[in-house]
Amino acid sequence: MRFNMDWKTRTYIIAGIFGLVTGLGTAYFLVRRAELEEQELSIGAGEGLRLGLLLLGALRQIGQLTEGES
19 MRFNMDWKTR TYIIAGIFGL VTGLGTAYFL VRRAELEEQE LSIGAGEGLR LGLLLLGALR
79 QIGQLTEGES
């Protein structure tokens, strides 16, 4: 039972670090774009919806990685 806890914990830690790095990278590029356009950062509803759907699609693809192994 201890082995199962270890791989699960490692998975959560790795996924958390990946999410943190991805989020910080996204924020960096959004700020850079706003600076280049010389205006404040503003994300409209349409752009927010597109980003959300893109994220859901990526999560779906990650979830399907293990389906073929069964």
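So the sequence shown is numbered by this note's numbering: it starts at 19 and just counts up by one. Think of the CB as a built atom: it goes at the ideal place given N, C-alpha and C, for glycine as much as any other residue.
The distance from the Cβ of Leu48 to that of Leu59 is about 6 Å, consistent with a contact at the 8 Å cut-off. Counting along the chain, no alpha helix (DSSP H) covers Gly62, and no H or E run does either.
A distance below 7 Å between beta-carbons, with the five flanking residues on each side excluded, links Ala52 to the following residues of its chain, in chain order: Glu58 and Leu59. A straight-line Cα-Cα distance of about 15 Å links Arg78 and Ala33. Annotated three-state conformation of Thr84 is coil, per DSSP.
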